[in-house]
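Heads up, the sequence shown is in our numbering, so the first residue is 34 and it goes up one at a time. A short write-up of the structure that comes next.
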Amino acid sequence: MGINHGKNTEMEPTGATQRIQSGIIRSLFGSASVVPIPRDKSLRFDESESKIESASPMQSFLVSLNAIGVLGLLIHSSNLRAGDQPQWGERGSRNMISRERHLPDTFDPTSGVNIKWIIPLGTETHSTPVVSDGRVYIGTNNGNERDPKHRGDRGVLMCVDEKGGQLLWQLVVPKREEDPYLDWPNTGIASAATVDKDRVYIVSNRGEVICLDARGMANGNGGPFGQEGAHMTQKGTAQLEPGALDADILWIYDMVSEAGIWTHDGAHSSILVDGPYLYVNTGTGVDNTHRKVRTPDAPSLIVLDKTTGRLVARDREGIAPHIFHCTWSSPSIGDLSGRKVIFFAGGNGIVYAFDPVPSLGPKAGSNGALKKLWQYDFDPAGPKEDVHRFTSNRREGPSNIYGMPVYKNGRLYVAGGGDLWWGKNEAFLKCVSAVGTGDVTTTATIWTYPLEKHCLSTPAIHDGMVFMADSGKRVHCVDAATGKPFWSHEAKGDFWASPMVADGKVYIGSRRGDFLILEASRKKRLLASIELGSPISGSATPANGVVYVATMTQLYAVAQGAKLER
Ligand SMILES: [Ca+2]
34 MGINHGKNTE MEPTGATQRI QSGIIRSLFG SASVVPIPRD KSLRFDESES
84 KIESASPMQS FLVSLNAIGV LGLLIHSSNL RAGDQPQWGE RGSRNMISRE
134 RHLPDTFDPT SGVNIKWIIP LGTETHSTPV VSDGRVYIGT NNGNERDPKH
184 RGDRGVLMCV DEKGGQLLWQ LVVPKREEDP YLDWPNTGIA SAATVDKDRV
234 YIVSNRGEVI CLDARGMANG NGGPFGQEGA HMTQKGTAQL EPGALDADIL
284 WIYDMVSEAG IWTHDGAHSS ILVDGPYLYV NTGTGVDNTH RKVRTPDAPS
334 LIVLDKTTGR LVARDREGIA PHIFHCTWSS PSIGDLSGRK VIFFAGGNGI
384 VYAFDPVPSL GPKAGSNGAL KKLWQYDFDP AGPKEDVHRF TSNRREGPSN
434 IYGMPVYKNG RLYVAGGGDL WWGKNEAFLK CVSAVGTGDV TTTATIWTYP
484 LEKHCLSTPA IHDGMVFMAD SGKRVHCVDA ATGKPFWSHE AKGDFWASPM
534 VADGKVYIGS RRGDFLILEA SRKKRLLASI ELGSPISGSA TPANGVVYVA
584 TMTQLYAVAQ GAKLER
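Structure, rendered in structure tokens:
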């Protein structure tokens, strides 16, 4: 998935969906006013006009209609359970698969069939939910205020109880004030969280890497960071006091002031944890002209000590001047015959393989630079220099990569192409050898599969099939060995989400709000197409027998045999 650009905050619901949607929204928020939001002039979508549901101050954070008690839910062990999904995709490889079983092949928001609970989110949600130790984490905005002291547009990470969806705590981050292109209005926190034991790692809308206590303030305000009140306060206003619903920040690494990045639109990172380190794509990009990189020395990939937040290493590949738009692709890791390799796709359209940082830290004299094993130009026919002369050109220009590179059996599966907002339409899914040294551009390609148009998704590889989605409204099933298509399916809207394969099914939602469940097989079989009435950016997350599906405005917990009373 990708981040939003001020578009598609809420669609016009129709028919049965409208009745459901309006029923839930009205019962929760009273009458809602509709306010147009700023539009990026580059946008040329065929979707319905963008509107934002600006809810009146909200009386309750909970929507769960089969609500259960809140008290007692704050106490959990910190043991990871087998069915948890504590990061986006499979740990390490980033493969969008899950071993969960007995998952539903349909659900119905009208009757409540196969729905365990539904909770409201903000008005825009681009984050994929993650599940760990009884808690569900999802980034959103503050469009439906959950705590009256936090008013206005904010980035938010919600932590809710897995059983009933009750809010346990939330991280609330003010917007950057200087320029909307640094932190696009209403985008919220678009990153997916990564949970490691009792620590939650997230990249905020301000370009900060933040380490949080999974238990929030319930076990006191942990340190060394203790200035939550100042952090949650917008510049120029009276300082807020942290309360029981606020997040406990343990440390912050500010990538803007400490690593020298230039944030653009909305940070979109899913942090990779390996041993004592965090691997983080920095989200550095162009300025508000979309034709200039103001921080040419900025790193694209950094490594932090997960305990302290200290910078341990960074790439020294000179990527930033060639970034066409921004850095969205998150790192992944593969085990190549006992040797770990870090994979990362830069905003310059080049895929890199790095040696992981040794657990005792980088060797003396290495200058903290990540050691490159190989690099692969995803689009060798595309321009390499002065790339911003192709800004707004839909026919030719460089490629960039939004989704994550996925490692499987010595191969790396990567999708990319022209930029959704500013670049050419052309997009590809490629399978490349993950073994090599130096520049492997001319030797590593195993196969190339053309996509319909643009691509923000991460592939899912399962049983010899690669499942992929694109911004041309199509889900593809491709032979992992040859790259030949088994089938493709056209949905009602573009895909920003990634396909998730679990229990023999493919789960994915479109920007038109239709959520598809397809059979994960070589013959196409659509099991369900469910109208959720709101665009979907994030990927579905199976965990502990439940599939979590987020639209712009709501989080659904979907489970076989559950019945939500309507
Ligand atoms: Ca703290």
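Even glycine gets a Cβ: it sits at the ideal position worked out from N, Cα and C. Remember, predicted model here, so these are calculated numbers, not experimental data.
- In this structure, the alpha-carbon of residue 287 lies about 34 Å from that of residue 197.
- With a threshold of 16 other beta carbon atoms within 10 Å, residue 115 falls short and is exposed.
- If only complete runs of 3 or more residues are kept, the region 127 to 213 shows the beta strand (DSSP E) at 146 to 153, 163 to 165, 168 to 174, 187 to 194 and 200 to 207, in order along the chain.
- Judged by their CB atoms, residue 478 and residue 463 are nearer to each other than the 8 Å cut-off.
- Annotation for residue 283 indicates a beta carbon within 7 Å of some heavy atom of ligand 1.
- The C-alpha of residue 372 is placed about 17 Å away from the C-alpha of residue 408.
- Your pair residue 549 and residue 559 checks out as a contact, with CB atoms roughly 7 Å apart and the cut at 8 Å.
- Under DSSP, residue 552 takes part in a beta bridge, and its partners are 538.
- Straight-line spacing of the CA atoms in residue 157 and residue 370 works out to 42 Å.
- Ranked by how close their Cα comes to the Cα of residue 316, the residues 270, 244, 377 and 258 have 377 in first place.
- The beta carbon of residue 238 sits no closer than 7 Å to any heavy atom of ligand 1.
- C-alpha of residue 259 to C-alpha of residue 444: approximately 44 Å in a straight line.
- DSSP, reduced to helix, strand and coil, places residue 261 within a helical segment of the structure shown.
- At least one heavy atom of ligand 1 falls within 7 Å of the beta-carbon of residue 261.
- Comparing C-alpha distances from residue 333 to each of 308, 363, 310 and 324 shows the shortest one belongs to 363.
- In the structure shown, the three-state DSSP call for residue 533 is strand.
- Taken atom to atom, the span from the alpha-carbon of residue 354 to that of residue 264 is near 31 Å.
- For the pair residue 225 and residue 126, the CB atoms are not nearer than the 8 Å cut-off.
- Contact annotation: the region 270 to 283 does not touch the region 208 to 223, with fewer than three C-beta pairs closer than 8 Å.
- Taking a C-beta distance under 8 Å as the contact criterion, residue 546 and residue 488 do not qualify as a contact pair.
- Here the region 158 to 177 lies against the region 566 to 583, with 3 or more beta-carbon pairs under 8 Å apart.
- Boundaries of the beta strand (DSSP E) around residue 338: 334 to 338.
- Closest option to residue 324, judged by alpha-carbon separation, among 190, 213, 293 and 455: 455.
- Short of 8 Å from the beta carbon of residue 504, and not among the five residues preceding or following it, lie these beta carbons of its own chain, in chain order: 453, 460, 485, 486, 487, 488, 489, 527, 528 and 529.
- Per DSSP, reduced to three states, the secondary structure at residue 354 is helical.
- Residue 294 is a Cβ neighbour of residue 240, given a cutoff of 8 Å.
- Distance from the CA of residue 561 to the CA of residue 554, rounded to the nearest whole angstrom, comes to 15 Å.
- When the five nearest sequence neighbours on each side are left out, no beta carbon in the same chain lies closer than 6 Å to the beta carbon of residue 276.
- Note that the C-beta distance between residue 494 and residue 439 is below 8 Å.
- The beta-carbon separation of residue 291 and residue 344, rounded to 7 Å, stays under the 8 Å limit for a contact.
- Residue 442 sits exposed, since fewer than 16 C-beta atoms from the chains shown fall within 10 Å of its C-beta.
- Distances from the CB of residue 254 to the heavy atoms of ligand 1 include at least one below 7 Å.
- In the three-state DSSP reduction, residue 433 falls in the strand class (E or B).
- Counting only unbroken stretches of 4 or more residues, no alpha helix (DSSP H) element lies wholly within the region 354 to 383.
- Residue 351 sits exposed, since fewer than 16 C-beta atoms from the chains shown fall within 10 Å of its C-beta.
- The residues 242, 244, 284, 285 and 286, in chain order, have a CB closer than 8 Å to that of residue 342 in the same chain once the five nearest residues on each side in sequence are set aside.
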